[in-house]
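These protein sequence lines are chains Y and H, in that order. So the first sequence is residues 1 to 431, counted in the numbering used here. So the second sequence is residues 1001 to 1431, counted in the numbering used here. Every residue gets a Cβ at the ideal spot worked out from N, C-alpha and C, and that includes glycine. I have placed the structure first, in the form of C-alpha cells, so that the comments after it can refer back to it.
Protein chains: 2
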Amino acid sequence: MERITATYYIETPYAPEKAAAVLAGEQSSGTFVAVPGETEELKQRFAATVESIELLETANEPAIPGAVSKEGKYHRAKVKVSWSIENFGYNLPVMVSTLQGNLYEITQFTGLKLMDIELPASFGEQYEGPVFGIDGCRQLTNVYERPLIGTIIKPSVGLSPGDTAAMVKTLVEAGIDFVKDDELLSSSANSNLNDRVDAVMKVINAHADKTGKKVMYAFNISGEVDEMLQQYEKIVASGGTCAMISINSVGLSATKKICDQRQLAIHGHRNGWGMLTRHPLLGIDFRAYQKLWRLAGVDQLHVNGIQNKFWESDDSVVNSIEACLTKMYDHKTVMPVVSSGQWGGQAFETYRRTRSVDLLYMAGGGIMAHPMGAGAGVIALQQAWKAAVDGLSLEEATKIYSEFAESVKKFGKIKPQRHEEHKGSQSLRDT
Amino acid sequence: MERITATYYIETPYAPEKAAAVLAGEQSSGTFVAVPGETEELKQRFAATVESIELLETANEPAIPGAVSKEGKYHRAKVKVSWSIENFGYNLPVMVSTLQGNLYEITQFTGLKLMDIELPASFGEQYEGPVFGIDGCRQLTNVYERPLIGTIIKPSVGLSPGDTAAMVKTLVEAGIDFVKDDELLSSSANSNLNDRVDAVMKVINAHADKTGKKVMYAFNISGEVDEMLQQYEKIVASGGTCAMISINSVGLSATKKICDQRQLAIHGHRNGWGMLTRHPLLGIDFRAYQKLWRLAGVDQLHVNGIQNKFWESDDSVVNSIEACLTKMYDHKTVMPVVSSGQWGGQAFETYRRTRSVDLLYMAGGGIMAHPMGAGAGVIALQQAWKAAVDGLSLEEATKIYSEFAESVKKFGKIKPQRHEEHKGSQSLRDT
C-alpha cells in the first residue's frame, strides 16, 4: 500500500527516537487503549512509522517553549515519518491535519518544522495540479523564452476603478505582460471589484484587439466561497484570464474549489507565509508548502526575490524557485512569482543561480518610477533578462541597453539587504 | 467611519515607532509612489494609523531572524494599528491578509504576534456568529447547568463503522452527551464517512427514541467544499446534529461556507494551532484567533485543558476559555472545548479559575478506561463537576462520590505536566 512520508526538522530534550515515537503515536492510531475487535493487523495497517532519524546538532537553549531538559541539552534531528494513504485517502485537509496538526502541540518537542512531503504516485492521478501552470500562462500572454514581466497596482488601496484602468492603460501600452491587484484590495469603498473588472478589462481587451497581446490581470477575488465564484464568473465573462487568491487567508478547501473551475489561471499569493516559516524550528518549509498548493491547483505561486526588501535570504529564495520548477508527476509546473524590491538589477543573480527564465518577474517602482517612463521601465526589465541570459554582467548590460542603464542610475544604489545575516538560520532551514 | 484596530506584540532592533510606521505603510496605502489623481484626502481615508506604542522590555538576542541591531538591543512593544473598514469592507480573508499578511515578512521586526482585534459595531450586524453556540448546543443535547461531557473515539484511525457504532452504543448507554471523530479520521480505507454516519446515527437515533436524549456526534467532514456539503447533507438527513471541521486545514472561506448552512452545530477543531502560536513572538494569540472563527460561525472551539498533556500552560488555557466566554455583539457565544489529558480531576481547578460550566469537557481514557466501566466514567465526570461547583475539594469529592473516587485511584497519580515551565513565555503571551 502506498505511503506518504513527511520529513521534519525537530528539537527535543529527550532522545530523538523517543520524541519521534510520540509524534507517530499522536498522529495515527498509536495511542491505543484496549478496544474490542482491535487487532495487531489493524495497528500495522494504520500506524504511522518512524522511517529514519538523522542526528544533527545539539543546542543549549530550547528553540520554542516545551519540556525542559535536565541536562540543558536540546537535540536536533531530521526525522522521517510515514503514513499509509489508507488513513485518509485523497483528502488534502485531513492530510494536513495528520502531517501538521496536533504534533505542533507536543511538549516533547522544543522545535518542529515540516520540511518536505513525499507523495505517492496515485496522488498524481487523483490530483490534476495546475490547469495552466508555466506553459498555460505563456500561452495566455504569448510570452516565450523570457520571464513574464509583471507589476502591482500601487497604491494598494485608494484608487478608483477609473484610476486603476488609467494606470493599466499606461502599463499595457508600455508592453507589460502581467498586472495584479495588491492583496490588500479586493473591494474597497471606492473600488468595487466588479466595477474594476469592467474598467480594467475594457482597457486590456481594447489593447488586445489592436495588438493581439492580451495582458494578464490578476483580480483579487479572495473572499467567501460564493462571492469568489461570482467574481470568477464575472472575470471569465469579461474576457479576463486570471484571478488572484490569498491562499493562506482563504484556505486550502476554498482555493481548490476555485482552481477546479479550470477557466482562469490562479495567482497564488502567499501573504501570511512569514508566520508559517520565519522561525527556523517552527512551522513549514516552502518545499513542503508548495506541494500542497500545487495539488490544490494554483498556477502561480509567490517566492519573494533575490535581494528582496523582506527578511528572507537569497538562498531561501533560490530554494523556493527550484522547488516550484521541480516537476511533480506529469502535472503542469507552477510558475514562481518573483517579487519584493525587484527592478531588473537582480535578473543577473536570479538567472545565475536558477538558470531559468520560467518566472513571473514582478517590479513596482522599477517600472512606474523609471526616469524615461513606464514603457522604458518595462523595456529595461526585458533588457536585463536578455543580458543575464546572454551571460553579460550588469555593467556590460548598461553599455548596450540605454533604458536599463537609466534604471541602474536610479535604482542601482539601493543596497541589497542583509545578505549575510541569516546564514545561521539558513543552515537550519536547509536541513 | 468605523475602524478595525489590531494589537501586536512586536520586537525590533529599530525605534519601535519607526518599525510600526513601516508596518502601517506596508499594510495599507502608505507606500505611495506619485500617482496621477492621488490626493491627500484619499491617503487619509485608506492609510493605516499607528494608534499607540507601549514600550516593554528589551532583549539582547532577536527572537526570530530579521534585521540585526548594531547595539545588540531588541526593543519589545505593544503596538496598536487601525484601518478603516472602507479598505476591505466585510471580507474576512482580505481582513486577515491586512492584519496578518506580509507584515510577518518585514525585516524591521525580529518578532511579531497579533494579540487582539477590536472589531466595529457593524461587524456584529454583518456577521451572525455561531448559529447554535452554547445555548443551541445545550438545547440540542438537553444538558443544562453543567458542562457537556464528551469523548473522542479512539483509536483515531482503524475502527470500522461497525466498531465505532459499537463503541458509541457503550457511550450513549453510559450517559455521554457528546462524541467526536478524531481529526485524523474522515474517510479511511475501512471507515467511509457515509457508512459511519449510517452506523452511528442508527445507534444514536435508537437511543433518542428510547430515552429522549439525543447524543451529539461530531462527524469529521473536513475535506473539499463539495464533499463537505454532501456529507453535511448526509448528516442532516440521518438526524445528526453536529459536524466537525479542522478549521486551520480547511481554511476560513470554506469553513464559513459550511457554517452558513445553519442546520448543524459546527465543532471547530484547531489542530495545527501550535504552529501559529507556540512561539511567544510569532503568529497569533488565541484572543485574536477565536474572534475570526466566531465571525465565520463555528459553534464550538478547542481550547486545550488545565494540566493538559501538551505544551500549553494553565494560564494560557484559562485565557482562552475566558476569550470564548466573552460576549461578542449580541451573537450566540462559542462553546469552549476543553480536552487533552482530562479525566475529571481537573474540574476543580478549571471551575476555580473560570467560574463557568459553559464548557464541552472532553475525556478519553478517563471515561473508557474507568475501572467500573464507561458508564461509571461518565458519572465520575459529572460528579467531579458537581463537586467543583458545590465548592468541594477533590479530596472531599472522593468521600461522597464512589465513581469519582475510583477514577482518582486510577488517574489521580498522573502528574500535572510542567506547570511552572512556561511562566517566562507566558508572561510574553499575556502582554
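With fewer than 16 other CB atoms across the displayed protein chains lying within 10 angstroms of its CB, N1060/H is exposed.
S1238/H and N87/Y have their C-alpha atoms some 25 Å from each other. Counting only the Cα atoms, F1348/H lies some 11 Å from V1357/H.
Residue pairing of L360/Y in beta bridges, as defined by DSSP: L148/Y and V337/Y. For the set K1180/H, L1099/H and A1020/H, the Cα lying nearest the Cα of R1003/H is the one of L1099/H. Within its own chain, the residues whose Cβ lies closer than 8 Å to the Cβ of Y1351/H, once the five positions on either side in sequence are excluded, are V1357, W1385, A1388 and V1389, listed in chain order.
Closest in alpha carbon position to V1236/H, among S1222/H, V1250/H, Y1217/H and G1391/H, is Y1217/H.
For Q139/Y, the enclosing alpha helix (DSSP H) begins and ends at G133 to T141. K1214/H is a Cβ neighbour of T1241/H, given a cutoff of 8 Å.
Residues of chain H whose Cβ lies closer than 9 Å to the Cβ of S187/Y are, in chain order, F1088, G1089, N1091 and V1094.
Between the alpha carbons of N102/Y and P280/Y lies a distance of about 19 Å. Taking the Cβ atoms as the reference, H370/Y lies roughly 3 Å from G377/Y, within the contact range of under 8 Å. In this model, I1221/H and I1245/H are separated by some 6 Å (Cα to Cα). Per DSSP, E1002/H lies in no beta strand (DSSP E) segment and is marked neither H nor E. For a Cβ distance threshold of 7 Å, residue set N271 of chain Y lies close to N1102/H, ordered along the chain. For A1380/H, none of the residues of chain Y pass the 9 Å Cβ criterion, the least Cβ distance being about 16 Å. Secondary structure of G111/Y (DSSP, three-state): strand. Per the C-alpha coordinates, the member of G375/Y, I64/Y and T5/Y positioned closest to A48/Y is T5/Y. The bridge partners DSSP lists for M244/Y are N220/Y and H267/Y. Of all C-beta pairs linking the region 1104-1114 of chain H to the region 1136-1144 of chain H, fewer than three are shorter than 8 Å, placing the two stretches out of contact. Taking every protein chain shown into account, the CB of M167/Y has 16 or more other CB atoms within 10 angstroms, so this residue is buried. DSSP places R1287/H within a helical segment (H, G or I) once states are collapsed to three. Contact residues of the region 1136-1159 of chain H toward chain Y are K1154, P1155, S1156, V1157, G1158 and L1159 (C-beta to C-beta distance below 8 Å).
Between the alpha carbons of R355/Y and G345/Y lies a gap of roughly 16 Å.
Fewer than three pairs of CB atoms, one per stretch, sit closer than 8 Å, so the region 1151-1158 of chain H makes no contact with the region 1314-1333 of chain H. Ranked by Cα distance from I1204/H, the options S1393/H, L1140/H and P1120/H are led by L1140/H.
The three-state reading of DSSP puts S156/Y in coil, since its state is none of H, G, I, E or B. Note: S1084/H is bridge-paired with R1003/H in the DSSP secondary-structure output. Residue pairing by DSSP places A1077/H opposite I1010/H and L1055/H in a beta bridge. Taking a C-beta distance under 8 Å as the contact criterion, G1129/H and L1359/H do not qualify as a contact pair. At least 8 Å separates the CB of F123/Y from every CB of chain H.
For I400/Y, the three-state secondary structure derived from DSSP is helix. In this chain, V1303/H is not harboured by any alpha helix (DSSP H), its DSSP state being neither H nor E. No Cβ of chain H is located within less than 8 Å of the beta carbon of R287/Y.
Following the DSSP letters along the chain, one finds K1180/H inside the beta strand (DSSP E) bounded by residues F1178 to K1180. Residue environment: G1412/H is assigned as exposed (fewer than 16 neighbouring CB atoms within 10 Å of its CB, all protein chains considered).
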